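Quick notes on the structure that follows.
Number of protein chains: 2
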Amino acid sequence: MVSSELVISQAEHKSRIEKIRDQLKKSRCAALYLTNPTRILYATGFSHISTERPLALVIPQEGAIFMMGPHLEEDHVKQDCALIEEFFSYPDYPGITHPILHFVNVLTRKGLAGSKIATDYVDGAAGGWGYRGPSLRDLLHQAMIVDGKDLVDTLRLVKSRQEIHLLRESARWAEKAHDILMENIAPGEHDALIGLKASYKALTEMMKKLGARYRQLKWGLSPVVVGCRGQVGPGSAVPHAVFSKRRIRRGDVLVTEAGVEVGGYTCELERTMIVGKPRPREKKYFETMLRVQDAALGAFMPGVACSQVDAIARKTVEAAGLAGALRHHVGHGIGIDGHEPPWLDPGEKTVMRPGMVFSCEPGLYVPGLAGFRHSDTVMITKDGMEFITEYPRSLEDLTV
Amino acid sequence: MVSSELVISQAEHKSRIEKIRDQLKKSRCAALYLTNPTRILYATGFSHISTERPLALVIPQEGAIFMMGPHLEEDHVKQDCALIEEFFSYPDYPGITHPILHFVNVLTRKGLAGSKIATDYVDGAAGGWGYRGPSLRDLLHQAMIVDGKDLVDTLRLVKSRQEIHLLRESARWAEKAHDILMENIAPGEHDALIGLKASYKALTEMMKKLGARYRQLKWGLSPVVVGCRGQVGPGSAVPHAVFSKRRIRRGDVLVTEAGVEVGGYTCELERTMIVGKPRPREKKYFETMLRVQDAALGAFMPGVACSQVDAIARKTVEAAGLAGALRHHVGHGIGIDGHEPPWLDPGEKTVMRPGMVFSCEPGLYVPGLAGFRHSDTVMITKDGMEFITEYPRSLEDLTV
C-alpha cells in the first residue's frame, strides 16, 4: 500500500460489494439502487459531481454492476471505474423523455421491474439543485421498493485498515496545514485570507511530497481546508459561523479547523486559540473545555454506549457550573462524510467497537465573548482509543 | 445600494415573503415549510451550513415567521436575521426525542397541525449526511401536506435588479480571478495549485477593494473559485473531471472555470485555453465551439423557448459534422444555485423573459484529445441578451 496511490484498493471495493450482495441475499432483494454520491464512492471508488442530473448505481444480487446517468459522465466512468461494468446514459436533464423513464426502461430490460429493490432514495431519482421528477415507486408498480441505506451504512461504521491509513495520512497533512495557519495568524489579518493562503501552502507541500500517489476525489477548490471559517472573536461563539465581518484583533479567541481529503476520507482537527495574553475569563472557559474533552476522551472504549461519552462530558460541564454554555453534543462518526453515524449524543444507543472513528469536540459558547472548542479525530482500539489527529491542546501551545 | 453591503436588502426579502404569502392565500395553504438552504436563503437572507441536523423555516400565511432547528443555530439566527421572528430549538440530533417530533409539537402549538401546509420536502425533515427520521406526512395525519417548491422557485426564475447587480459584481471578480489564473498557467505547473494560488490572490484584491461591503454567505474555503478542476489535456474531455493526475504540458488544451460568490449569487465564466501553438485539429474544434456559442447567443431573446436555443446550437454542431462530440445541453439558469431552472435543453418549454439569467456553454468533447467549452453568464433583456461575464473568447486571446 505504501508505494501505491492513496485511495481504497479495488480489492477492498470488491469485498465491500460482496458484503452488500450477501445482505441482498439475506434480505431477498434482487438489487441495490444507490443514488447518494458518498455511498456510490464507498461501494465503487467512483466519485462524481452530483447535480440536477439523476444518476444511480445498481448492484444486482448477481450479474453486472451498472450505472444509469447523464451522457456527460459516461467517459468519466469508463476511465475511472472498472467495477462499473455497464453505463446506460440519457442525453441530459430534463430531456424530451425524463431521465427516470430511461432508468425504468433499463431496470425493466434487466428484469428488475417486478423485483424487490433496496434503495437509498425511495422517493426520487437523486438529482439535486433544480431537479424535479416522479418517484421510482410511482413508476415501478410491480416492484417492491424498500429502504436500503443500511446495506451500505452499517459497513461504514467500523473502518478498515485502509480507511484508517487514509485518515492518518489526512491527519498528518491537517496538522501541517494547521502549523502553517498558526504562523500566519496575527492582528490585522483577515481569517479568510490567511486560511486560503495556508491551504495553498500546505497543498503545495503535500503534492510535492506525495506526487502521483495523491489524487483528489471530491469536488472542491482545494482538498486542504484550513482556517477559522468566521470563528474570530465574538464570531467564535457561533459554532457554524461562515465569514468574519472584521479582521483579527489582539485579544481575540479563534476557533480553527483543518481537514484534508485523502482518498475520499477527511479527518477533523480544530483548535481554540488566543491572540495575545488570555484574560482570566477566557482561561476559565478554555481550561474547562479541555477538562471536558479529556473526560470524554477517557470514556472512549469498546463496549461503551455512544450516549455515555456525551453524558460524561455534560456532567463535567455541569460540575463546572457552565451547562448554559453548551450548544451541541460531543461529536460524530467521521469518514467519507464529514459527519456520519454513530453520534456522540444522548439519543445514540450504538455501542463502540474497535475501528470506529469519531470526532471528539465538546464546545462552550459565550455570546458576545467567544467559543471554546477543540476537535480531535480518534479511533476506538481493542482496549481504549488512539488519536488520529496528534496536535498540541494546551492554552500555552495555542496562544499566539 | 452602491455604498452598502453587497447582499440582498431586507426590503427585497420582505417583498419576496409577501409574494410567497400571496401564493399561500391563492392556494389556500396555511404555511410554507422550507428546508432547502437555497430557498431559505432566498426567502430570508439567512445562510447556514446544512448537516444531519434538521432545520426548517416556516412562513405562515399570517403571523410570525419562525424557524425550527438545532440549538447551535439559535444565536446565529438571532444575530443574522431579523426577519426570522422566533426560533424553536432542539438540543441536537438524533436526541432522546427525535427533532422532527419537536417540529411537530411546534407546528401543533402554532395551530398548523390540521392545516394545508406547502413544503419543499414532503418526505422528510431535511437533514443531510447521516440523517434518518420519519416523514412529516406520517406524523401530521390531520394536515394536508402539498408540494410547495414552486412557491419559491417561480420567483427565482426572473432576477431582480439587486440580483443582477450581485451577479455583475460576481462577474467582475471572476474576470479578475481568471486574469490571474492565466498569468499562472505554464508547463510544469499543476492546475490544482495554480487555481488555489489565483483564488487567493483574487480574494485578496477583492477584499481590499470591497472591504466591509463584502460578506461571504455560503460555506466554503473561498468565495473565489478559479482553476481547471482537472480539465487539463485529455482530462478536459471529461466535463465533470475533478482532479488532474499530471502537471500541465506544452500543447495541452485546458478548460477553466471561475466563479465568485457575492451575496449568495455566483456567475459562471469558463474558457477553453491552449498552452502553446494550437494544432489544426484543436483549432477546428475550438472554432466550431465558438461558432456554436455564437449561434446560441444569437438565439437568446424574450419569447423564445429555452429548447430553441439548444436546438440551434445542436444544428450548428451537426452542420459541422461533429454531433458525436456533444455530451450535454447548452446551459442552465443560474443564481443562488450553480444550476437552476430553466434549462437550455430539448425538454424545456419555458419561454425566455427579460431578467432571466443563463449560462451559455455548448461543449465539444474528444476522448483522448480534449474538451472545448466556453461558458458565459448572460441576461435576457427587452430585445435580446446582455453579457454578465465580459471576457475574451477568441483562440488568439486564450493561447498562452
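Protein sequences appear in the order of chains A and B.
Residues in the first sequence are numbered consecutively from 52, following the working numbering.
Residues in the second sequence are numbered consecutively from 52, following the working numbering.
Note that beta-carbon positions come from the ideal geometry of N, C-alpha and C, so glycine has one too.
Keep in mind it's a predicted model, so treat the numbers as computed, not measured.
Between which two residues does the beta strand (DSSP E) harbouring B/E321 extend?
Reading the second sequence from its first residue, position 270 is the one you call residue 321 of chain B. B/E321 -> no beta strand (DSSP E), and no H or E assigned at all.
I'd like to know whether the C-beta of B/P145 is nearer than 8 Å to at least one C-beta of chain A.
Counting from one through the second sequence, the residue named residue 145 of chain B turns up at place 94. Interface residue, yes.
Any beta-carbon of chain A closer than 8 Å to the one on B/A107?
In the second sequence, the residue the question calls residue 107 of chain B occupies position 56. No, B/A107 does not count as interfacial toward chain A.
Counting along the chain, where does the alpha helix (DSSP H) carrying A/D131 start and finish?
Here residue 131 of chain A is taken as the residue at index 80 of the first sequence, counted from 1. Taken as a continuous stretch (DSSP letters only), the alpha helix (DSSP H) holding A/D131 covers E125 to D131.
Among the residues of its own chain, which have a CB less than 7 Å from the CB of A/K77, if the five just before and after it don't count?
Counted from its first residue, the first sequence places residue 77 of chain A at position 26. For A/K77, where only same-chain residues beyond five positions count, there are no Cβ hits under 7 Å.
Assess, as a yes-or-no matter, whether the segment 226-235 of chain A is touched by the segment 219-236 of chain B under the definition of 3 or more beta carbon pairs within less than 8 Å.
No contact exists between the segment 219-236 of chain B and the segment 226-235 of chain A.
Checking 8 Å against the spacing of the C-beta atoms, do B/I147 and A/G398 come in under that value?
Position 96 of the second sequence holds residue 147 of chain B. Position 347 of the first sequence holds residue 398 of chain A. Yes, these two residues count as a Cβ contact at 8 Å.
Which parts of the segment 343-386 of chain A are runs of the alpha helix (DSSP H), unbroken and 4 residues or longer, counting only runs that do not cross its ends?
Listed in chain order, they are 357-370.
Determine whether the Cβ of B/I100 lies closer than 8 Å to any Cβ atom of chain A.
Position 49 of the second sequence, counted from the start, is the residue given in the question as residue 100 of chain B. True, the Cβ-Cβ gap to chain A drops below 8 Å.
Under 9 Å between beta-carbons, which chain A residues line up against B/K248? List them in chain order, please.
Within the second sequence, residue 248 of chain B is the residue found at index 197, counting from 1. Within chain A, the residues near B/K248 are Y251 and T255.
Is the segment 284-303 of chain A in contact with the segment 235-255 of chain A, if contact means three or more CB pairs nearer than 8 Å?
Touching, yes, given that three or more Cβ pairs across the two stretches are closer than 8 Å.
Given that a residue counts as buried once 16 or more other Cβ atoms are within 10 Å of its Cβ, and exposed if not, what is B/E441?
Position 390 of the second sequence, counting from 1, holds the residue named residue 441 of chain B. Exposed is the call here.
Threshold first: 3 residues or longer. Then list the beta strand (DSSP E) segments lying entirely within the segment 169-223 of chain B, N to C.
Counting whole runs of 3 or more residues, the segment 169-223 of chain B contains the beta strand (DSSP E) stretches 195-198.
Please state if the CB of A/L190 and the CB of A/T170 are separated by a distance shorter than 8 Å.
As a first step, residue 170 of chain A must be located in the first sequence, where it is residue number 119. As a first step, residue 190 of chain A must be located in the first sequence, where it is residue number 139. The answer is no: Cβ separation not under 8 Å.
Going straight from the alpha carbon of B/R67 to that of B/V293, what length do you get?
As a working note, residue 67 of chain B is residue 16 in the second sequence. As a working note, residue 293 of chain B is residue 242 in the second sequence. Approximately 36 Å between the Cα atoms of the pair.
On the DSSP bridge assignment, give the partners of A/P121 in chain order.
To locate residue 121 of chain A, count along the first sequence from 1; it is residue 70. Paired residue(s): A/Y141.
How far does the alpha helix (DSSP H) with A/D242 in it reach, from first residue to last?
Mapped onto the first sequence, residue 242 of chain A falls at position 191. Segment D242 to L261, the alpha helix (DSSP H) holding A/D242.
Quick check: the Cα distance between A/L75 and A/K200, rounded to an integer number of angstroms?
Start at 1 with the first residue of the first sequence, and residue 75 of chain A comes out as number 24. Start at 1 with the first residue of the first sequence, and residue 200 of chain A comes out as number 149. Taking the straight line from one Cα to the other gives about 12 Å.
What's the C-alpha gap between B/M430 and B/A370?
Position 379 of the second sequence, counted from the first residue, corresponds to residue 430 of chain B. Position 319 of the second sequence, counted from the first residue, corresponds to residue 370 of chain B. One C-alpha to the other measures close to 27 Å.
Look at the Cβ atom of A/V203, then the Cβ atom of A/A249, and state whether they are nearer than 8 Å.
For the purposes of this step, residue 203 of chain A is taken as the residue at position 152 of the first sequence. For the purposes of this step, residue 249 of chain A is taken as the residue at position 198 of the first sequence. Against a cut-off of 8 Å, the Cβ pair of A/A249 and A/V203 comes out as no contact.
Taking the straight line between their C-alpha atoms, what separation do you get for B/D198 and B/Y172?
The sequence position of residue 198 of chain B within the second sequence is 147, counting from 1. The sequence position of residue 172 of chain B within the second sequence is 121, counting from 1. C-alpha separation (whole angstroms): 7 Å.
Can you tell which of B/G315, B/Y336 and B/V306 has its C-alpha closest to the C-alpha of B/T323?
Numbered from 1 along the second sequence, position 272 holds the residue referred to as residue 323 of chain B. Here the closest residue by C-alpha is B/V306.
B/L449 and B/A288 look like a contact to me (Cβ under 8 Å); what is the Cβ gap, rounded to whole Å?
Looking up residue 449 of chain B in the second sequence gives position 398. Looking up residue 288 of chain B in the second sequence gives position 237. Their Cβ separation, rounded to whole angstroms, is 18 Å, which puts B/L449 and B/A288 out of contact at 8 Å.
Where does B/S98 fall in DSSP's three states?
Residue mapping note: residue 98 of chain B aligns to position 47 of the second sequence, counting from 1. In this structure, B/S98 counts as coil in the three-state DSSP scheme.
Taking 6 Å as the limit between beta carbons, can you name the residues of its chain near A/W224, skipping five residues before and five after?
The residue you call residue 224 of chain A lines up with position 173 of the first sequence. If we look at A/W224 and ignore the five residues flanking it on each side, its Cβ neighbours are M257 and V311.
Could you have a look at B/K452 and say whether DSSP puts it in helix, strand or coil?
Nothing about residue 452 of chain B can be read from this structure; chain B reaches only from 52 to 451.
Got a sec: which bits of the segment 378-405 of chain B sit with their beta carbon under 9 Å from any beta carbon on chain A, in order along the chain?
Within the segment 378-405 of chain B, the residues whose Cβ lies closer than 9 Å to some Cβ of chain A are R378, H379, H380, H383, G384, D388, G389, H390, E391, P392, P393, W394, D396, P397, G398 and E399, listed in chain order.
Are the C-beta of B/G262 and some C-beta of chain A separated by less than 8 Å?
For the purposes of this step, residue 262 of chain B is taken as the residue at position 211 of the second sequence. It does not: the Cβ of B/G262 has no partner Cβ on chain A nearer than 8 Å.
If we define contact as Cβ-Cβ less than 8 Å, is B/P418 a contact residue for chain A?
One-based indexing of the second sequence puts residue 418 of chain B at position 367. Interface residue, yes.
Under 8 Å, Cβ to Cβ, is there at least one residue of chain A near B/F294?
Within the second sequence, the letter at position 243 stands for residue 294 of chain B. Yes, B/F294 counts as interfacial toward chain A.
Buried or exposed: A/G375, going by 16 or more other Cβ atoms within 10 Å of its Cβ?
Along the first sequence, read from residue 1 onward, the residue named residue 375 of chain A stands at position 324. A/G375 should be labelled exposed.
What are the boundary residues of the alpha helix (DSSP H) that B/I110 is part of?
If you number the second sequence from 1, residue 110 of chain B lands on position 59. Per DSSP, B/I110 belongs to no alpha helix (DSSP H); it is in the beta strand (DSSP E), A107 to P111.
So which residues of chain B does A/D434 contact, with C-beta pairs closer than 7 Å?
Against the first sequence, residue 434 of chain A aligns to sequence position 383. Those within 7 Å of A/D434 in chain B number zero; the least Cβ separation is about 27 Å.
Touch check for the segment 154-167 of chain A and the segment 315-330 of chain B: three-plus C-beta pairs under 8 Å?
With the cut-off at 8 Å, the segment 154-167 of chain A and the segment 315-330 of chain B do not touch.
Could you list which residues in chain A have their beta carbon closer than 9 Å to that of B/W46, in chain order?
Past the boundaries of the shown model lies residue 46 of chain B; chain B is included only from 52 to 451, so the question cannot be answered.
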